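In our numbering, the protein residues as written are 12 to 589.
A short worksheet on the structure shown next.
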Amino acid sequence: MIKEEIKNLVRQACLKLGFPVEEIVLEHPENVEHGDYSTNVALVLAKQLGKKPREVAENIAKTINYKLRTVNSIEKVEVAGPGFINFFLSKEYFFDVLSSILKKKGKYGAGSEKKKIIVEYSSPNIAKPFGIGHLRSTLIGQAIYNLYTFLGYKTIGINYPGDWGTPHGKILYQLKEKLLKGKTEKEKKEILDKITVQDLESLYVAFHQNTTLQMEEGARLWFKKLEQKDTEARSLWEKMREVSFREFERIYSLLNVKIDHVIGESFFEDKMEVVVEDFKKKGLAQESQGALIVSFPNEILPPAMLLKSDGATTYFTRDLANMEYRISKWKPDAIVIETGVEQTLHFQQVFLASKLIGYAKDEELVHAFHGLYRTKEGKFSTRKGQTIHLEDVLREAIKKAHEIIEQSETVRGLSEQEKAEVAKAVGIGGIKYNDLSQHPSGDIVFDWGKILNLKGNSAPYLQYTYARCKSILRKSKLNPIKFKLNGVKSSPEEMALLRLLYRFEEVVQEAAEKFSPNLVCNFVFDLAQRYNLFYNTNPVLKAETKELKDFRLLLTAAVAQIIKNGLSLLGIAAPERM
RNA sequence: GCCCCUGUAGCUUAAUGGAUAAAGUAGCGCUCUUCUAAGGCGUUGAUGUGGGUUCGAUUCCUACCAGGGGCACCA
């Protein structure tokens with residue numbers, strides 16, 4: 012990567028001059044007059060050396076310039092401002108990037124990292140409709156999965172649905188004591204055959220609207236029965252699972268999300284005893300108020316609970332069994348778990364406990380957390396029945412996209428079926444982008460107006476730009492071009508595009524490292540914006556000369572390719588026409 | 001009470017300690033006989049408050065203010 016080349020140049024220059032080199036920071040200056048890359052090493056070094064920053068910068072720049080005679084990707088190096096060293100990339104380099112994009116196409120920017128990484132995401136709870144709350148984990152997790160796969164990692168995606176625990180005891184209680192009470196076997200069967208996720212959720216909501224101690228006790232009892240493999244509890248629970256997964260599959264198919272493995276919490280049901288034994292054996296568990304807990308050295312974290320006072324296991328126990336299972340089965344280099352921010356402490360405890368007990372050793376354990384969708388007033392609460400069902404949102408978005416399409420003149424030639432496909436790509440893409448374009452850790456205020464926004468910084472803007480590019484390319488009959496640099500003077504709009512395209516691979520890298528798909532969004536939006544400006548001021552098909560036309564076609568093809576690659580990482584479709 | 005996170009334009013968001021804090025949206029103008037106007041151009045407008053570190057702070061430290069989350073029998 013060009014970035015590394017420049018870092019090396021700086022490093023070598025510093026070594027040659029006898030300057031102590033630490034980390035060299037390169038950034039892209041905002042102002043084009045400051046070049047394509049800039050480093051502040053001179054400013055940092057000046058202090059240590061007791062010299063003037065400008066002077067240090069001049070020395071480094073001079074040394075680098077001397078070397079540049081053999082490097083043709085860099086045009087020049089300048090010292091500016093208080094002592095910044097600015098690098099200007101050459102046109103040769105930009106053209107190399109262009110042809111590289113057109114040659115590698117969908118693989119442009121891909122890496123060849125060989126490590127193995129597990130990404131856990133989505134993880135909805137059964138017996139509840141897929142709420143908007145799980146949208147974030149699904150989308151961000153999928154994007155992280157895509158990013159790492161693109162970089163060459165062996166990625167393993169895991170969906171870890173909540174299909175175990177006392178909430179399910181509550182629903183079983185409600186089913187048994189309310190819905191099925193006093194019914195004949197035949198009636199029971201009829202009710203269960205027709206039951207929907209909505210019904211299950213209503214039972215759950217009803218439980219919390221009017222809870223008595225007796226009900227709480229009943230719920231605990233039913234969960235206990237479930238754990239003890241009581242036939243009736245078991246079959247009702249199976250029914251809940253089945254109904255729920257049918258719903259999830261529908262949502263995933265709408266979202267075009269595919270997760271490699273579904274391993275629910277219940278999978279670890281019989282693997283927790285071992286965990287408890289391990290902790291006891293190693294003297295890492297203590298009894299406290301009838302429960303079994305794990306305390307951490309120096310109380311750096313609050314204690315976590317392995318067994319409740321009634322002997323039932325907890326989420327913590329389950330996640331430990333989960334860690335042990337994943338690590339021994341797949342031997343990954345890293346595990347990334349994508350969940351809401353409210354689970355931060357829990358995962359700190361799980362990660363630390365996994366290391367203490369020896370389940371995890373050198374593996375990198377990451378909790379990539381996201382902020383929550385909230386109302387203007389506060390948090391959504393399932394218990395209060397405030398959930399917004401994702402499916403409603405998705406259908407609404409597609410409907411709205413449809414309306415816009417009907418009003419638009421640009422889709423005149425499209426068949427009804429093509430229009431429907433575009434509506435889906437735009438509606439679903441809009442919702443995905445609305446979510447992914449925001450920094451993961453921030454909260455998102457749920458706003459119908461905003462989530463269905465199809466203008467400005469949104470997926471349709473990017474899709475539209477892509478479709479425009481494709482339209483030009485269709486009309487041009489672009490042939491494999493042998494492009495000559497001679498004789499083409501680039502306009503500022505063209506230069507702006509050239510100076511952006513090569514950064515795609517850096518952005519992908521950074522987005523993966525930081526688990527921040529929003530960086531990809533920022534980049535693609537920026538690119539689309541610059542292309543639209545170019546489009547409005549630089550005619551492609553009617554360019555003054557043949558050379559200019561070819562060049563602009565190349566540029567258009569490269570921009571289209573990068574937008575497509577970026578959207579594909581985000582899981583957003585790019586229709587050829589819209 | 002203790003711990004963690006977040007305060008940027010009317011609203012929603014960007015910005016690895018750098019050069020003039022960047023967009024979208026809403027408002028007001030302009031722009032289709034010209035490659036898709038779901039576009040483009042112009043214009044108004046912001047770093048919660050007080051200290052500190054630094055050549056340089058939205059970014060780091062500290063106090064305060066405001067909001068959110070967590071702190072053993074939910075997950």
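Just so it is clear, CB atoms sit at the ideal spot from N, CA and C, and this is done for glycine as well.
None of these values were measured; they are calculated from a predicted model.
To the nearest angstrom, how far is it from the Cα of residue i to the Cα of residue j?
i	j	result
E504	I112	19 Å
K553	Y119	29 Å
K18	V36	8 Å
N136	V352	17 Å
L183	A302	25 Å
L405	N97	47 Å
N221	L214	11 Å
I462	I399	13 Å
E280	A315	19 Å
Q572	E587	12 Å
K430	I416	7 Å
L247	E298	34 Å
Could you tell me which residues DSSP puts in a beta bridge with residue i?
i	result
V377	V347
A554	According to DSSP, A554 bridges with nothing at all.
N97	S49 and E89
V456	R385
M316	I304
L37	T50
A296	V305
N170	V273
K165	K127
N136	G173
G122	Answer by DSSP bridge pairing: none, since G122 is not bridged.
Would you kindly check if the distance between the Cβ of residue j and the Cβ of residue i is under 8 Å?
i	j	result
S84	E66	no
A29	A57	Rather than Ala, the amino acid found at residue 29 in this sequence is Gly. Result no, Cβ atoms of G29 and A57 do not sit closer than 8 Å.
K20	K78	Residue identity check: residue 20 is Leu in the sequence provided, not Lys. Yes. Within cutoff.
I128	A345	yes
Y132	G152	yes
K181	A244	no
L146	D446	yes
A323	E238	yes
Q354	L312	no
I262	F457	no
L565	C532	no
T177	F234	yes
T328	V285	no
V208	G168	no
E212	P140	yes
S255	A138	yes
F99	E86	yes
S469	Y444	yes
In this structure, does DSSP put residue i in helix, strand or coil?
i	result
Q449	coil
L383	coil
G322	coil
M12	coil
V82	coil
S365	helix
K127	strand
K194	coil
P440	In the sequence as displayed, the identity of residue 440 is Gly instead of Pro. Note: G440 maps to helix in three-state DSSP.
G467	coil
G142	strand
For residue i and residue j, which I take to be in contact (beta-carbon distance under 8 Å), what is that distance rounded to the nearest angstrom?
i	j	result
K575	Y475	With 8 Å as the limit, K575 and Y475 do not qualify as a contact, their Cβ atoms being about 13 Å apart.
S501	L512	Incorrect: roughly 13 Å between the Cβ atoms, too far for contact.
P528	I155	7 Å
W175	E276	4 Å
T384	I338	Strictly speaking, residue 384 in this sequence is Tyr, with Thr absent from that position. About 32 Å; that fails the 8 Å criterion.
I583	G440	4 Å
I71	V52	7 Å
Given the structure, does residue i come close to the ligand ATP, in the sense that its CB is under 7 Å from one of the ligand's heavy atoms?
i	result
K372	The model depicted lacks the ligand ATP and carries no ligand whatsoever.
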